[in-house]
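Residues in the sequence shown are numbered from 291 upward in steps of one, following the working numbering. Every residue, glycine too, gets a C-beta built ideally from N, C-alpha and C. Computed from a predicted structure; not experimentally measured. A short worksheet on the structure shown next.
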Amino acid sequence: MLSCLVAAGVVVLRSKAPAAASPPVADLVSRPQRQPVRESGADSITGTTISRERTTGMRKWASRAPREAAAWLFAQSPELESELAEALWQGAVTSPALAVSLVHELQTTDPERGKLHGGWLVNLLAEQGNWQIAYEMSLASPADAARDWVGCLLANRATSDPQGALATWQTLPPGPLRDSAFASLAESWAEASPATLAEWAASQPPASPEREVALQRACRLWSKQDPAAYAAWIGRVELPEETDLASVAAGQSLSVTAGLALSAMESLPDPGERFSATRQIIEEWAATEPDAARTWIGKATWLDEAQRAGLLRSTFKPFTPQLVESAETQPASDP
Numbered sequence: 291m292l293s294c295l296v297a298a299g300v301v302v303l304r305s306k307a308p309a310a311a312s313p314p315v316a317d318l319v320s321r322p323q324r325q326p327v328r329e330s331g332a333d334s335i336t337g338t339t340i341s342r343e344r345t346t347g348m349r350k351w352a353s354r355a356p357r358e359a360a361a362w363l364f365a366q367s368p369e370l371e372s373e374l375a376e377a378l379w380q381g382a383v384t385s386p387a388l389a390v391s392l393v394h395e396l397q398t399t400d401p402e403r404g405k406l407h408g409g410w411l412v413n414l415l416a417e418q419g420n421w422q423i424a425y426e427m428s429l430a431s432p433a434d435a436a437r438d439w440v441g442c443l444l445a446n447r448a449t450s451d452p453q454g455a456l457a458t459w460q461t462l463p464p465g466p467l468r469d470s471a472f473a474s475l476a477e478s479w480a481e482a483s484p485a486t487l488a489e490w491a492a493s494q495p496p497a498s499p500e501r502e503v504a505l506q507r508a509c510r511l512w513s514k515q516d517p518a519a520y521a522a523w524i525g526r527v528e529l530p531e532e533t534d535l536a537s538v539a540a541g542q543s544l545s546v547t548a549g550l551a552l553s554a555m556e557s558l559p560d561p562g563e564r565f566s567a568t569r570q571i572i573e574e575w576a577a578t579e580p581d582a583a584r585t586w587i588g589k590a591t592w593l594d595e596a597q598r599a600g601l602l603r604s605t606f607k608p609f610t611p612q613l614v615e616s617a618e619t620q621p622a623s624d625p
């Protein structure tokens, strides 16, 4: 289920005028539930049965006459509308074009409720294989609904078909919808295959805003799933000079053991970026294991004395020369 399309819990809708006389089929749908009796669970079970009958009645009615069923439900109490919304679209989805038309009409007259009901329909269309219809419906919806639904649809597709999701995303025109949709797509792609997302991101031009977004998502998750492969990739990948490796590589590899992360940082070609990246990891490490971090600073062979003193000064305060001497004389440890 595309759970991001439908809010969890009971949705409270605005009150409406009393409903007109219901069609005969609605008698079952509108039958009131019995109140459960504390002393016995029998009435509670009966109540659950009636609720199921109402749901079944709405679903069957909507499959035969979607417009009539929708018009009736939209005139009921907010509580009943919320309860039976999913059943309405489970029935109406058998006529996809008509169901989409009903949602667009509701979006015009009542955008808030149109978004609620549209979420159910987009979800059901996608589940039943009508992905393209769901996508086109989302694109034709108001901006806030389009942002949520398009992003969720692309994210769901990226789980199993990232290249297909990417190809669809590339057809979106520049703008907020394209940007938000890529963020959703990249998050899902990273969860499914961070290595392939990282490779794709590394191949993008420096000016591409998606490159940085994709690198951040991929590195954060890849470093957790396979830290050894992640560190090896950081050491061999050729990224444009403009890439903020200190942020992308170091900042996202804090979940890797400190020793592995620091080893990866040693391979960064630019000395300034290498030092900045190392400092980020050291400061995080020192917050929980200060002695081990201090020892590493004292033993790191690629640091010159000014850098070593700078790391000690910024990480451990107050700074004294004795700290440098202590760090240099402590035996190396395996972090």
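Simplified DSSP state of residue i, which is helix, strand or coil
i: T384; result: coil
i: A521; result: helix
i: E417; result: helix
i: G465; result: coil
i: Q597; result: helix
i: S372; result: helix
i: P401; result: helix
i: S478; result: helix
i: E579; result: coil
i: L558; result: coil
i: E329; result: Summary for E329: the model assigns pLDDT 34, below 50, so the residue's position carries little reliability, and this model does not support an answer.
i: V390; result: helix
i: P452; result: helix
i: S428; result: helix
i: Q570; result: helix
i: A365; result: coil
i: F565; result: helix
i: V440; result: helix
i: W604; result: Before going further, note that residue 604 is Ser rather than Trp in the sequence given. Helix at S604.
i: A590; result: coil
i: V527; result: coil
i: S483; result: coil
i: A539; result: Confidence at A539 is low in this model, with a pLDDT of 48, below 50, so its placement is unreliable and the value that follows should be read with caution. DSSP places A539 in helix when its eight states are reduced to three.
i: Q460; result: coil
i: A377; result: helix
i: A355; result: coil
Residue i to residue j span [Cα, whole Å]
i: A352; j: W362; result: 10 Å
i: S341; j: Q418; result: 25 Å
i: P322; j: W421; result: With a pLDDT of 46 at P322, under the threshold of 50, the modelled position of that residue is not reliable, and no figure is offered here.
i: A485; j: P561; result: 26 Å
i: I524; j: I423; result: 41 Å
i: W459; j: E395; result: 27 Å
i: Q453; j: W575; result: 37 Å
i: E369; j: A375; result: 10 Å
i: A582; j: M555; result: 17 Å
i: P496; j: S391; result: 43 Å
i: E343; j: V412; result: 25 Å
i: P466; j: Y425; result: 17 Å
i: G600; j: I571; result: 14 Å
i: R447; j: A455; result: 6 Å
i: P464; j: S513; result: 31 Å
i: E489; j: G347; result: 51 Å
i: C442; j: A387; result: 21 Å
i: R403; j: L558; result: 53 Å
i: P597; j: S483; result: It should be pointed out that residue 597 corresponds to Gln in this sequence rather than to Pro. Roughly 37 Å separates the two Cα atoms.
i: T626; j: D451; result: The shown model of the chain, from 291 to 625, leaves out residue 626, and the question about it has no answer.
i: L602; j: G588; result: 9 Å
i: A522; j: R468; result: 32 Å
i: P580; j: V527; result: 31 Å
i: A231; j: S367; result: There is no way to answer for residue 231, as the model of the chain reaches only from 291 to 625.
Integer-rounded CB distance, given that residue j should sit under 8 Å from residue i
i: F364; j: E371; result: 7 Å
i: T568; j: L552; result: 6 Å
i: T449; j: S478; result: 5 Å
i: R349; j: Q380; result: 5 Å
i: A480; j: L511; result: 5 Å
i: A355; j: L378; result: Not a contact, Cβ separation roughly 11 Å.
Test item: CB-CB of residue i and residue j under 9 Å
i: V393; j: S431; result: yes
i: F565; j: R584; result: no
i: T487; j: A476; result: It should be noted that the sequence gives Leu, not Thr, for residue 487. Their beta carbons are under 9 Å apart, which means L487 touches A476 by this criterion.
i: Q397; j: A445; result: no
i: E573; j: S604; result: yes
i: Q515; j: A504; result: no
i: S470; j: R507; result: no
i: M427; j: W439; result: yes
i: A389; j: L415; result: yes
i: L472; j: E500; result: Note that residue 472 is Phe in the sequence shown, not Leu. Cβ atoms of F472 and E500: closer than 9 Å.
Contact test: residue i Cβ vs the ligand NAD heavy atom, cutoff 8 Å
i: L374; result: Only the bare structure without any ligand can be found here, which leaves the ligand NAD out of the picture.
Closer than 9 Å to chain D by CB, residue i
i: L602; result: Annotation note: the requested chain D is absent from the structure, which comprises a single protein chain.
Entirely enclosed alpha helix (DSSP H) segments - the segment 485–515, minimum 4 residues: 499–515
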